[in-house]
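Report on the following structure.
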Amino acid sequence: MDNIKVLDNDYIAHTYGRFNVLINKGKGSLCYDDNGREYIDLGSGIAVNSFGICDDEWKNAVIDQLDKVSHTSNLYYSSPQAKLAKMLCDRTGMKKVFFANSGAEANECAIKVARKYSSDKYGEGRSTIITLVNSFHGRTITTLSATGQDVFHKHFGPFTGGFKFAHAGDKDEINALVKEGGVCGIMIELVQGEGGVIPLDNAYVDEIARLCKENDIILIVDEVQTGNGRTGKLYAFENYGIKPDVFTTAKGLAGGLPFGACVMGEKTQDVLGKGDHGSTFGGNPICAAGALSILSRIDDELLKGVTERSELIRKKLEAVPEVESVTGLGLMLGVSVKGATAADVVNKAIEKGCIPLTAKTKVRLLPALNIPIPVLEKGLDILIEAIKECTAANK
Ligand SMILES: Cc1ncc(COP(=O)(O)O)c(C=O)c1O
Numbered sequence: 017m018d019n020i021k022v023l024d025n026d027y028i029a030h031t032y033g034r035f036n037v038l039i040n041k042g043k044g045s046l047c048y049d050d051n052g053r054e055y056i057d058l059g060s061g062i063a064v065n066s067f068g069i070c071d072d073e074w075k076n077a078v079i080d081q082l083d084k085v086s087h088t089s090n091l092y093y094s095s096p097q098a099k100l101a102k103m104l105c106d107r108t109g110m111k112k113v114f115f116a117n118s119g120a121e122a123n124e125c126a127i128k129v130a131r132k133y134s135s136d137k138y139g140e141g142r143s144t145i146i147t148l149v150n151s152f153h154g155r156t157i158t159t160l161s162a163t164g165q166d167v168f169h170k171h172f173g174p175f176t177g178g179f180k181f182a183h184a185g186d187k188d189e190i191n192a193l194v195k196e197g198g199v200c201g202i203m204i205e206l207v208q209g210e211g212g213v214i215p216l217d218n219a220y221v222d223e224i225a226r227l228c229k230e231n232d233i234i235l236i237v238d239e240v241q242t243g244n245g246r247t248g249k250l251y252a253f254e255n256y257g258i259k260p261d262v263f264t265t266a267k268g269l270a271g272g273l274p275f276g277a278c279v280m281g282e283k284t285q286d287v288l289g290k291g292d293h294g295s296t297f298g299g300n301p302i303c304a305a306g307a308l309s310i311l312s313r314i315d316d317e318l319l320k321g322v323t324e325r326s327e328l329i330r331k332k333l334e335a336v337p338e339v340e341s342v343t344g345l346g347l348m349l350g351v352s353v354k355g356a357t358a359a360d361v362v363n364k365a366i367e368k369g370c371i372p373l374t375a376k377t378k379v380r381l382l383p384a385l386n387i388p389i390p391v392l393e394k395g396l397d398i399l400i401e402a403i404k405e406c407t408a409a410n411k
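To convert, take the position in the sequence shown, counting from 1, and add 16; that gives the numbering used here.
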């Protein structure tokens, strides 16, 4: 570990504040550091390892594809890509997919789709996209511009223009922004993940859907974090009874491989034509094979298990006096702790053998969708001990 820490410090750009652990191997929801010490994984690589680390079925699907073809090019047809696109459309009622490599890239594509839809139909000048003040949509210059947290709007300007921000829950404000004119898209996360695991209010989402429909505005739902079973539905928009014109996803889609998708509906399916967008690696056959394996296993039974695990977590944590609140949906939960910072709690939990995450002031839990219940319970016991020790130390 010490040697790796030195190499990391000397040769890797200092963009990450790392927790003091080196994960060397793992299986499912258990992982091990370089001394062989076991940890319970309550973060699944920030909602990426959908079925845990090195899940056998996923691994076999990926290896199988590696034995066939690892990469071709989007100049040629690809079997895993085509099958995956059909599966995504069949299961969501959407019509076309563009494959990317990450959440930010999927969102870049969605932004292009909204703007081109409008430019094709209404001409230039109707290019504004409204996003929410506490949102997070990625780290490229354009998705940083779309991200509505001020902290991201420093140092890297000039940013891409054409974004306006609305406060979540304020119907009057978003109505007023639409009335200003020039709006082609509204982009939302239904549960703001990086913003602190905050679900949007049903009535507010209904209002956005209504505004989009009545004004021919493209509704983009960013399902990068909420997608692929995370909230107890295949995609979070199903919890809200809305149908986006475009949704994006990444993270858990390929169960541990870099992949993203921009999924287009009835209205937007033909917006992108030849040469309008592209990616060398987008739709890579190995990643697509991994995604096919993951998506085909997110069925009703699995989703029921997500909801059961979510209820178990809430019940256990809400009974802890030091826990102020538990927010979120499914296995995307944020825990507010009275009298201790989220970072202190996570550091303490890691010391004790379990790995949660933070999201702003909250401890964030994003365990594997199939985390075995006894493992989850043990992880929560460790987390609760960490919460109690941290709050006691601050008294
Ligand atoms: C909602 C949301 N959108 C976009 C992104 C960016 O995804 P990526 O890091 O894969 O580019 C994230 C990452 O946390 C996210 O949570």
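For each residue, glycine too, the CB sits at the ideal point set by N, CA and C.
- Go through its chain and collect everything with a Cβ distance to N410's Cβ below 7 Å, but skip five positions before and after it. Position 394 of the sequence shown, counted from the start, is the residue given in the question as residue 410. Cβ neighbours of N410 beyond the five flanking positions: G355, A356.
- Consider the C-beta atom of A266 and the heavy atoms of ligand 1; say whether any pair is separated by less than 7 Å. Translated into positions along the sequence shown, residue 266 becomes position 250. Yes, the beta carbon of A266 sits closer than 7 Å to at least one heavy atom of ligand 1.
- Query: Is P372 buried or exposed, if buried means 16 or more other CB atoms sit within 10 Å of its CB?
  - Reply: For the purposes of this step, residue 372 is taken as the residue at position 356 of the sequence shown. Under this definition P372 is a buried residue.
- Option nearest K99 by Cα separation, candidates G306, V37, E239, K259: Here residue 99 is taken as the residue at index 83 of the sequence shown, counted from 1. Among G306, V37, E239, K259, the Cα nearest to that of K99 belongs to G306.
- L148 (DSSP reduced to helix, strand or coil): Numbered from its first residue, the sequence shown carries residue 148 at position 132. In the structure shown, L148 sits in a strand (DSSP, three-state: E or B).
- Provide the residue(s) that pair with G276 in DSSP beta bridges, ordered along the chain. For the purposes of this step, residue 276 is identified with residue 260 of the sequence shown, where counting begins at 1. G276 pairs with A116.
- DSSP three-state call for N40: helix, strand or coil? Residue 40 sits at position 24 when you count from the first residue of the sequence shown. Strand at N40.
- Assign P390 to buried or exposed, taking buried as 16 or more other Cβ atoms, counted over all protein chains shown, within 10 Å of its Cβ. Position 374 of the sequence shown holds residue 390. When all chains shown are included, P390 counts as exposed.
- Message: Whole angstroms are fine: how far does the CA of D83 sit from the CA of G164?
- Response: The residue given as residue 164 occupies position 148 in the sequence shown. The residue given as residue 83 occupies position 67 in the sequence shown. For G164 and D83, the gap between their C-alpha atoms comes out near 43 Å.
- Query: How long is the line joining the alpha carbons of N25 and L38, rounded to whole angstroms?
  - Reply: Taking the sequence shown and counting its residues from 1, the one referred to as residue 25 is at position 9. Taking the sequence shown and counting its residues from 1, the one referred to as residue 38 is at position 22. Straight-line Cα distance between these residues: approximately 14 Å.
- So does D72 have its beta carbon nearer than 7 Å to some heavy atom of ligand 2? The ligand content of the structure shown is limited to ligand 1, which means ligand 2 is not among them.
- Task: For T407, name the three-state secondary structure that DSSP assigns.
- Result: Position 391 of the sequence shown, counting from 1, holds the residue named residue 407. Three-state DSSP puts T407 in a helix.
- Cβ neighbours of L328 in the same chain (closer than 6 Å, five flanking residues each side left out): Reading the sequence shown from its first residue, position 312 is the one you call residue 328. Excluding positions up to five away in sequence, the list is empty.
- Query: How about F445 and A192: do their beta carbons lie closer than 8 Å?
  - Reply: Outside the modelled stretch of the chain, which goes from 17 to 411, sits residue 445, for which no answer is possible.
- Item | F168 - DSSP class collapsed to helix/strand/coil | Indexing the sequence shown from 1 puts residue 168 at position 152. Reduced to three states, the DSSP call for F168 is helix.
- Query: Beta carbon of R155: closer than 7 Å to some heavy atom of ligand 1?
  - Reply: Walking along the sequence shown from the start, residue 155 turns up at place 139. The answer is yes for R155.
- Task: Could I get the ranges of all uninterrupted alpha helix (DSSP H) runs contained in the segment 315-359, with 4 residues as the minimum, in chain order?
- Result: For the alpha helix (DSSP H) assignment, the uninterrupted runs of no fewer than 4 residues enclosed by the segment 315-359 are, from N- to C-terminal side, 316-334.
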